[in-house]
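*Asks:* Structure incoming, see below.
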Amino acid sequence: MLRETMTDKAGEVLAVRINGELADLSSELMEGDHLEPVFWGDEGAEDIYRHTASHVMAQAVLELFPGAKLAIGPAVADGFYYDFDLPQTLTPEDLPHIEERMRKIVGADLKLRREVMGREEAIAVFGEMNQQYKVELLEEMESDEVTVYRQGGFMDLCRGPHLASTGRLRHFKLLSIAGAYWRGDEKRPMLQRIYGTAFDDAEELQKYLRFREEAERRDHRRLGRELDLFSFHEEAGPGVVFYHPRGAVLREIIEGFLKEEHRKRGYHMVITPHLFRGELWHTSGHMDYYRENMYYFEKEGMEYVVKPMNCPGHLLIYKTRPRSYRELPLKYFELGTVYRYERSGVLHGLMRVRGFTQDDAHIICAEDQLEEQVRECLEFAFYSLRTFGFEDFDVFLSTRPEKSVGGDELWEKATGALRDALEDIKMPYSIDPGEGVFYGPKIDVKLKDAIGRSWQGPTVQADFNLPERFDLTYTGPDNRKHRPVMIHRVVLAGIERFYGVLLEHYAGEFPFWLAPVQVVVVPVADRHLDYAREVEALLAERGFRVEVDDDRQTVNMKIRRAQIQKVPFTFVVGDREMEANTVSVRDRSGKDVRGVPVPEVMARLAEMSTERRAIAEWRPG
RNA sequence: GCCGGUGUAGCUCAAUGGUAGAGCGUCCGCCUUGUAAGCGGUUGGUUGGAGGUUCGAUUCCUCUCACCGGCUCCA
Numbered sequence: 005m006l007r008e009t010m011t012d013k014a015g016e017v018l019a020v021r022i023n024g025e026l027a028d029l030s031s032e033l034m035e036g037d038h039l040e041p042v043f044w045g046d047e048g049a050e051d052i053y054r055h056t057a058s059h060v061m062a063q064a065v066l067e068l069f070p071g072a073k074l075a076i077g078p079a080v081a082d083g084f085y086y087d088f089d090l091p092q093t094l095t096p097e098d099l100p101h102i103e104e105r106m107r108k109i110v111g112a113d114l115k116l117r118r119e120v121m122g123r124e125e126a127i128a129v130f131g132e133m134n135q136q137y138k139v140e141l142l143e144e145m146e147s148d149e150v151t152v153y154r155q156g157g158f159m160d161l162c163r164g165p166h167l168a169s170t171g172r173l174r175h176f177k178l179l180s181i182a183g184a185y186w187r188g189d190e191k192r193p194m195l196q197r198i199y200g201t202a203f204d205d206a207e208e209l210q211k212y213l214r215f216r217e218e219a220e221r222r223d224h225r226r227l228g229r230e231l232d233l234f235s236f237h238e239e240a241g242p243g244v245v246f247y248h249p250r251g252a253v254l255r256e257i258i259e260g261f262l263k264e265e266h267r268k269r270g271y272h273m274v275i276t277p278h279l280f281r282g283e284l285w286h287t288s289g290h291m292d293y294y295r296e297n298m299y300y301f302e303k304e305g306m307e308y309v310v311k312p313m314n315c316p317g318h319l320l321i322y323k324t325r326p327r328s329y330r331e332l333p334l335k336y337f338e339l340g341t342v343y344r345y346e347r348s349g350v351l352h353g354l355m356r357v358r359g360f361t362q363d364d365a366h367i368i369c370a371e372d373q374l375e376e377q378v379r380e381c382l383e384f385a386f387y388s389l390r391t392f393g394f395e396d397f398d399v400f401l402s403t404r405p406e407k408s409v410g411g412d413e414l415w416e417k418a419t420g421a422l423r424d425a426l427e428d429i430k431m432p433y434s435i436d437p438g439e440g441v442f443y444g445p446k447i448d449v450k451l452k453d454a455i456g457r458s459w460q461g462p463t464v465q466a467d468f469n470l471p472e473r474f475d476l477t478y479t480g481p482d483n484r485k486h487r488p489v490m491i492h493r494v495v496l497a498g499i500e501r502f503y504g505v506l507l508e509h510y511a512g513e514f515p516f517w518l519a520p521v522q523v524v525v526v527p528v529a530d531r532h533l534d535y536a537r538e539v540e541a542l543l544a545e546r547g548f549r550v551e552v553d554d555d556r557q558t559v560n561m562k563i564r565r566a567q568i569q570k571v572p573f574t575f576v577v578g579d580r581e582m583e584a585n586t587v588s589v590r591d592r593s594g595k596d597v598r599g600v601p602v603p604e605v606m607a608r609l610a611e612m613s614t615e616r617r618a619i620a621e622w623r624p625g
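Residue numbers (the working numbering): 5 to 625.
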């Protein structure tokens, strides 16, 4: 029946949809069922394909390591994995062997057969096979019937659906081995996870593998070293960043942008200390809800905390005098450096550090101003991200977490305001249940970089709790005291992380306005050095970041060095240029234009710079 | 923090239970250079750290630190 329906493309059909539900190709049909074929590329097809690949891998592992116990093995975003409890530890050298065995299983073209089984029976069967993890899963299941899939001598507890046979699997690759806790719980046994990926199309697999190489090429840790931007030091401890001169320049540009844009929008810049008494953190609730992330110590019998957040400091400033409703919304902005303890295994270059600076602001306003303020924050955030070259975003609304302060009513009010603001600007979003901060719900913006990866970006958090804890008030038009609400928000968020994302986004090839070194002037021979210096001085006077490569090296070598350093423009100056007061402009793409008059060069560069244009090429014009 | 891996010159990487090596870089010469590597020489290491086994350890063992891939957590 199915065969006939699928006609000549039958060989390509991976599964079917019966009345909209994905199902095996071998499913039995009922009268009146609506049937759709599922091809590679259709929604859900990848998951089915990779899930089958994970079964084949499990079979291979079981054959190679007879004592293996199976945990779970789902399809994930870019592939699949399977967790095993093995009598021995795997090494990367094992992967090719497992792959080879997988190919054998694929070659044998084993049918995957679905079978419905009583839960008790399944517990007995898997118990017999010493598959205690499967037994544990079964014991927690609700329904009396479960499904298993068999292929050859291999059997796995599985909901399906699957490909019809192992022979249907075309292109796959095992990628890495990692540790993973049983059910993600660190109190449970550590299992060995094998990651892999699978595609029906060879070209797509190649594309994915190239994507991984590209990601490696863009790795900010590598670029940070190659471009001499920043470093980490074992003797200074992990998770704290040292910015080199060039790296500090880029950071200054980012911070300069932030200061300017905040000023334009009516924020007041403040500066608060890094070390406070513990008392303040008890008032704020951090000591109860954030303690495990904080650095604190005692001196002369007094408890001190290295600030993990900037909010309490800003509230102290608010409280220095009585406030009027006329002052609201009051917006305090700080490039606030905070320190948070992160478990040693989670640190990752600039993306996850222990000391970082946030572009942090706290907006204290009346309740009826909340929604508009949230909206302004979002607009500010999107404007900033676009300026830095990010165009694609995903937005999430995170609701009340388990550990939290404040009553239900406050949480509902705050969550409602965030939702309304999002709907107001017609920004599509999804809900992240329980992912809010302990003092309030939040909006998270994730940004997509040049190769499609998602990164945590701006957050906007509504907070009805801290104003209460700190007893914030303002005098209303009615001459009575009112309780303000506050917004915590960051635009680029942790500057370190944003810096890392930016580096990877551009693969170190920054647009002109962001490049740490914008121009290298290359004199052809010694006699052109003075002229090169003149050009350098002219550019530097206008605020451009320029260097002369005065090394006694060939022009080729000096150009090569500038190119490797990803400097946007190289100006070559020799006899002809010196004579005519011009430079020859070479951009990063390798294009060069000879004999451009210096005034023209200056004007063009100024344009690129002040407009913060996302380019660094010399276009004819 | 946990599981696994890695740690050799500034960088990329060799080597081996018996004197630790290459390329690039550094530095010094020569070359005076026209759009991605000119030539020659020179320098460079307590093999992450501490202990142990051994006649002898960079290699084997223990502890420790950092990093990498994950788990978990987050800006």
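We treat Cβ as the ideally placed atom computed from N, Cα and C, and that holds for glycine.
Would you call Met490 buried or exposed, if buried means 16 or more other Cβ atoms sit within 10 Å of its Cβ?
*Replies:* Counting Cβ neighbours within 10 Å, Met490 comes out buried, since at least 16 surround it.
*Asks:* Let's see if you can read the secondary structure: which residues bound the alpha helix (DSSP H) around Thr391?
*Replies:* Note, Thr391: alpha helix (DSSP H), Leu374 to Thr391.
*Asks:* Count the other CB atoms, across all protein chains shown, that sit within 10 Å of the CB of Asn585; report buried if there are 16 or more and exposed otherwise.
*Replies:* Counting Cβ neighbours within 10 Å, Asn585 comes out exposed, since fewer than 16 surround it.
*Asks:* To the nearest angstrom, how far is the alpha carbon of Ala466 from that of Arg501?
*Replies:* Distance between the alpha carbons of Ala466 and Arg501 is about 23 Å.
*Asks:* Per DSSP, what are the beta-bridge partners of Pro601 in this structure?
*Replies:* Bridge partners of Pro601: Thr586.
*Asks:* Taking just the CA atoms, how far does Asp553 sit from Ser664?
*Replies:* The chain is shown from 5 up to 625; residue 664 falls before or after that span and cannot be answered.
*Asks:* Cα-Cα, which of Ile368, Lys485, Asp364 and Arg327 is closest to His266?
*Replies:* When only C-alpha atoms are compared, the closest one is Asp364.
*Asks:* Nearest CA to the CA of Val605: which residue from Leu542, Ala618, Phe360 and Lys562?
*Replies:* It is Leu542 whose Cα lies nearest to the Cα of Val605.
*Asks:* So Lys311 packs on Val342, CB below 8 Å; how close in whole Å?
*Replies:* Their Cβ separation, rounded to whole angstroms, is 5 Å, which keeps Lys311 and Val342 in contact under 8 Å.
*Asks:* Kindly confirm or deny that the segment 550–567 and the segment 611–625 touch, where touching means at least three C-beta pairs closer than 8 Å.
*Replies:* Counting Cβ pairs under 8 Å, fewer than three are found: no touch.
*Asks:* Indicate whether the contact test is met: 3 or more Cβ pairs, each with one atom in the segment 225–238 and one in the segment 498–516, closer than 8 Å.
*Replies:* These segments touch.
*Asks:* Figure out for me which residue from Leu401, Pro462, Lys407 and Gly444 has the closest Cα to the Cα of Pro432.
*Replies:* It is Leu401.
*Asks:* Would DSSP call Met145 helix, strand or coil?
*Replies:* Note: Met145 maps to coil in three-state DSSP.
*Asks:* Using a Cβ distance threshold of 8 Å, determine whether the segment 46–60 contacts the segment 171–186, with at least three qualifying pairs required.
*Replies:* Counting Cβ pairs under 8 Å, three or more are found: they touch.
*Asks:* Determine which residues share a DSSP beta bridge with Gln196 and list them.
*Replies:* Answer by DSSP bridge pairing, in chain order: Phe88 and Gly183.
*Asks:* Identify which residue in Ala529, Arg250, Ala19 and Thr477 has its Cα closest to the Cα of Ser169.
*Replies:* Ser169 has its Cα closest to that of Ala19, out of Ala529, Arg250, Ala19 and Thr477.
*Asks:* Here's the rule I'm using: 16 or more other beta-carbon atoms within 10 Å means buried, otherwise exposed. How should Leu97 be labelled?
*Replies:* The identity of residue 97 in the sequence shown is Glu, whereas the question assumes Leu. Classification of Glu97: exposed, given that the 10 Å Cβ count is below 16.
*Asks:* Starting from Gln98, trace the alpha helix (DSSP H) both ways and give me its first and last residue.
*Replies:* Per the sequence shown, residue 98 should be read as Asp rather than Gln. Element bounds for Asp98: Asp98 to Gly111.
*Asks:* In the segment 188–266, which residue ranges form an unbroken alpha helix (DSSP H) of at least 4 residues, counting only runs that do not cross its ends?
*Replies:* With a minimum length of 4 residues, the continuous alpha helix (DSSP H) runs that stay inside the segment 188–266 are 206–221 and 224–230.
*Asks:* Roughly how many whole angstroms lie between the Cα atoms of Ala206 and Tyr212?
*Replies:* Roughly 10 Å between the two C-alpha positions.
*Asks:* Secondary structure at Pro333, three-state DSSP: helix, strand or coil?
*Replies:* Pro333: coil per DSSP, three-state reduction.
*Asks:* By Cβ distance below 7 Å, which residues in the same chain neighbour Gly270 in space, the five residues on each side in sequence not counted?
*Replies:* Same-chain partners within the cutoff: Lys335.
*Asks:* Could you check where the beta strand (DSSP E) with Gln362 kicks off and where it finishes?
*Replies:* Gly359 to Cys369 is the span of the beta strand (DSSP E), which, as asked, contains Gln362.
*Asks:* Rounded to whole angstroms, what's the CA-CA distance from Gln210 to Phe203? Just pull it up for me.
*Replies:* Roughly 9 Å separates the two Cα atoms.
*Asks:* Taking C-alpha atoms, which residue in Asp113, Glu146, Phe158 and Ser147 lies nearest to Gln135?
*Replies:* Per the Cα distances, Phe158.
*Asks:* In the DSSP assignment, find the unbroken beta strand (DSSP E) run with Gly122 in it and report its ends.
*Replies:* Per DSSP, Gly122 belongs to the beta strand (DSSP E) from Arg117 to Gly122.
*Asks:* I need the straight-line Cα distance from Glu302 to Arg344, nearest angstrom please.
*Replies:* If I take the Cα positions, the gap works out to 17 Å.
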